[in-house]
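Participant: Below: one structure in structure tokens.
2 protein chains.
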Amino acid sequence: MPAGGRIRFKTDSDYVVVHAGTYGVLWDDINDTLTSRLGFDMFELKNGKPCFSAIFVPSQGAGKNYSESRVRFPSAEMRELIIDLPLFAKVKDVYIALREGSHIDCGTGYLHKKPIVFYGSSIVHGVGAGKPASNYPAIIGRRLDSDFINLGFAGAAKAEKAVMDYISELDMSVFVYDYDHNAPSAEYLAETHYAGYMTVRKKQPNLPIIMASKVDYYRDEAENEKRRLIIEESYRRGIAAGDKNLYFIDGRHIFDDDFRNESTQDGCHPNDVGYLAMAKAFGEIIEKLI
Amino acid sequence: MPAGGRIRFKTDSDYVVVHAGTYGVLWDDINDTLTSRLGFDMFELKNGKPCFSAIFVPSQGAGKNYSESRVRFPSAEMRELIIDLPLFAKVKDVYIALREGSHIDCGTGYLHKKPIVFYGSSIVHGVGAGKPASNYPAIIGRRLDSDFINLGFAGAAKAEKAVMDYISELDMSVFVYDYDHNAPSAEYLAETHYAGYMTVRKKQPNLPIIMASKVDYYRDEAENEKRRLIIEESYRRGIAAGDKNLYFIDGRHIFDDDFRNESTQDGCHPNDVGYLAMAKAFGEIIEKLI
């Protein structure tokens, strides 16, 4: 389940093969493509700008528990490549094959080496994204040329003490606390949201922290307004307590009002339209903070 | 393979069940979700505006050749509903179940009853769309409240004489001639493009016709520029011959330059971002013509 995992390198090979064992797909969902569940995709940096290059086609059919495919380039010049790992399959033994005699280099690395950390539900994880690279953490990381860590847990993000303790120890540039969806109730959210934020804040007094409320607000306005107010209240408490590096993103306003009905896959999880809207909204703030 | 097929009705049932036999999935593609291949989705008209309501979850697992699921409404008031049929499965025996004793009505029907006809490749058909309703013909039909016919043929649109003859007989409001991709070569396109247009024009002298060149232009600029010029040449010939109702959409400019890399699923087929961009570009012209 290596959501957010990437392999970045330079090579002048005229092809790239990916071979990986894939097993235990966490999220065999009707909303996801085989590419996002089991596949790999690749971007090439051209003058520092990431350009979509290829997807590596996952194996299909009963009994196949590996992914293997090849992409070819039109020439053998030096390229800086980023391969994104699948969102929902467990992956082991990733092999990358290049032409014999070609060169390989670790490349220039990220412009922002310290990662942005995203924590939250299936919407952080990437359910509904068409390929590994099209959920909002991946789009932001790529466009800002920043390392990032995707701590999205489809169905399981509850701001547990152990998880918040773990996050508080991470060396990061920005923390995105997009925790709303998987709280079992508004009451649970109220009990855990500020506490989770404080766990991180106590350990890292100057870290930029972004709190966000859920994007599929209009699905159930009555319930979601309660949750939104809880998160806004966390934010206000933090600011009142003197926090100088705390930000709030109101999920209500992220999807284009005129195209709200085109922004999710299933009414809840963003599709590529919704993820791009999130990437723009979060990215605009993060860009100023890293 | 009922791409573009819809069932539109009114009911005050507090639930809707869809049961349909599905078989012979044409396009078992890594780029498509199970929902778009085998599923149904539903929109509800609220004050004449289509609002995403639900997806009907396709059956999964070996040996299951039907789709059956239910959605519930919070109340039993009268609603106007549109159910979109799957893009890639063949469908037979579609049953819709409502609560016993509830009412059913044919509804108000489309504002524009004469259909828009879209003809073209897999990109018209909907490969890469996350659900049946998110390819560009479906978005345009829904937003303009117009009936439409999707004549997208994944892998098989070659402007064959029989198909163009068939299209020329259809009673329609606008004809979208988005035929570029599946022409085996630029030469084949040159031989068939103007001829195909003339087959329709001769039968329907006053019909608005929109010619479009491919949206994934930047994938292979050299080849695609040849094709673009062929289509533009068809357009210029038509205009020079006195056609007063002919339009040209240049595929190069449809995807947002800044987000071109976020606009396709696999480098070729649009994802939901790309389809929405197409729906905006084509919809803007079609809106003035219907």
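First to last, the sequence lines map onto chains A and B. Taking the numbering used here, the leading residue of the first sequence gets 1139, the next gets one more, and so forth. Taking the numbering used here, the leading residue of the second sequence gets 1139, the next gets one more, and so forth. Backbone N, C-alpha and C define an ideal beta-carbon position, used for all residues, glycine too. Since we're looking at a predicted model, the values are computed, not measured.
1) Beta-carbon of E1363(A) versus every beta-carbon of chain B: anything under 9 angstroms?
2) Any beta carbon of chain A sitting closer than 9 angstroms to that of V1163(B)?
3) At a CB-CB cut-off below 9 angstroms, which residues of chain A make contact with G1405(B)?
4) For L1427(B), which residues of its own chain have a beta-carbon under 6 angstroms away from its beta-carbon, when the five flanking residues on both sides are left out?
5) Would you call the region 1328-1345 of chain A and the region 1305-1320 of chain A touching, i.e. three or more CB-CB distances under 8 angstroms?
6) Taking DSSP's pairing of strands, which residues face H1250(B) in a bridge?
7) Could you please tell me which residues of the region 1406-1419 of chain B, in chain order, have their CB closer than 7 angstroms to any CB of chain A?
8) In three-state DSSP terms, what is S1272(B)?
9) Say whether chain B places a C-beta atom closer than 9 angstroms to the C-beta of E1400(A).
10) Looking only at DSSP bridge pairs, what is M1349(B) linked to?
11) Hey, out of Y1385(B), H1157(B), L1367(B) and M1416(B), whose CA is closest to A1235(B)'s CA?
12) From which residue to which residue does the beta strand (DSSP E) around R1146(B) run?
13) Which partner residues does I1242(A) have in the DSSP bridge list?
14) Given G1245(A), which residues of its chain have a CB within under 6 angstroms of its CB, disregarding the five upstream and five downstream residues?
15) Determine, using beta carbons only, whether T1171(A) and K1269(A) come nearer to each other than 9 angstroms.
16) Hey, quick one: how far does the beta strand (DSSP E) through Y1233(A) stretch, first residue to last?
17) Considering only C-alpha positions, which residue in the set Y1153(A), L1367(A) and E1206(A) is nearest to M1349(A)?
18) Expressed to the nearest angstrom, what Euclidean distance is found between the alpha-carbon atoms of V1294(A) and S1323(A)?
19) With a CB to CB cut of under 6 angstroms and the five nearest residues on each side skipped, what residues in its chain are close to K1230(A)?
20) Measure from the alpha carbon of K1418(A) to the alpha carbon of each residue in R1281(A), G1380(A), Y1315(A) and I1377(A), then state which is nearest.
21) Anything in chain B within Cβ reach of I1277(A), meaning under 7 angstroms, just list it in chain order.
22) Give a yes or no on whether the minimum CB-CB distance between K1269(B) and chain A is below 9 angstroms.
23) Does any CB atom of chain A fall closer than 9 angstroms to the CB of L1172(B)?
24) Per the DSSP calculation, A1158(B) is bridged to which residue(s)?
25) In the structure shown, what three-state DSSP assignment does S1306(A) receive?
26) Given a limit of 7 angstroms on CB to CB distance, which residues of the region 1218-1233 of chain B reach chain A?
27) Which residues in chain B sit within 8 angstroms of P1196(A), going by Cβ to Cβ distance?
28) For H1152(B), which of Y1204(B), H1241(B) and N1203(B) has the nearest alpha-carbon?
29) For a cutoff of 9 angstroms on Cβ pairs, would you count S1272(A) as touching chain B?
30) Are any of the Cβ atoms in chain C nearer than 9 angstroms to that of F1256(B)?
31) To the nearest angstrom, report how far apart N1399(B) and G1186(A) are at their CA atoms.
32) CA-CA distance, I1119(A) and K1184(B)?
33) Let's test the definition: count the other Cβ atoms within 10 Å of the Cβ of Q1198(B) and tell me whether it reaches 16, buried, or not, exposed.
34) As a quick exercise: from D1388(A), V1411(A), F1397(A) and T1402(A), pick the residue whose alpha carbon is nearest that of F1420(A).
35) What separation, rounded to the nearest whole angstrom, lies between the Cα atoms of F1286(A) and L1225(A)?
36) Tell me which residues share the same chain as I1220(A) and place their Cβ nearer than 6 angstroms to its Cβ, disregarding the 5 neighbours each side in the sequence.
Facilitator: Well, looking at it:
1) no
2) no
3) F1190, S1191, A1192 and I1193
4) V1312 and P1346
5) yes
6) S1284(B)
7) Per Cβ criterion, the list reads N1409, D1410, V1411 and L1414.
8) helix
9) yes
10) Y1315(B) and F1386(B)
11) H1157(B)
12) R1144 to T1149
13) T1149(A)
14) R1146, F1147, K1148 and E1218
15) yes
16) K1228 to A1235
17) Nearest Cα to M1349(A) within the set Y1153(A), L1367(A) and E1206(A): L1367(A).
18) Looking at the sequence itself, residue 1294(A) is Ala, so the reference to Val does not match. Using only the alpha carbons, I get a separation of about 13 angstroms.
19) Taken in chain order, the residues that qualify are G1159.
20) Of the candidates R1281(A), G1380(A), Y1315(A) and I1377(A), the residue whose Cα lies closest to the Cα of K1418(A) is R1281(A).
21) E1400
22) Taking CB atoms only, K1269(B) has a neighbour in chain A less than 9 angstroms away.
23) yes
24) In the DSSP output, where bridge partners are listed per residue, A1158(B) has S1205(B).
25) helix
26) Taking 7 angstroms as the Cβ-Cβ cut-off against chain A, none of the residues of the region 1218-1233 of chain B qualify.
27) Chain-ordered, the chain B residues with CB closer than 8 angstroms to the CB of P1196(A) read I1168.
28) The amino acid at residue 1152(B) is misidentified as His; the sequence shows Asp. Looking at the Cα atoms, H1241(B) is the closest of the given residues.
29) yes
30) Among the protein chains in the structure shown, which are A and B, there is no chain C.
31) So the alpha carbons of these two residues sit roughly 14 angstroms apart.
32) This structure leaves residue 1119(A) out entirely; chain A is present only between 1139 and 1428.
33) exposed
34) D1388(A)
35) Those two C-alpha atoms are separated by around 14 angstroms.
36) R1144, R1146 and F1181
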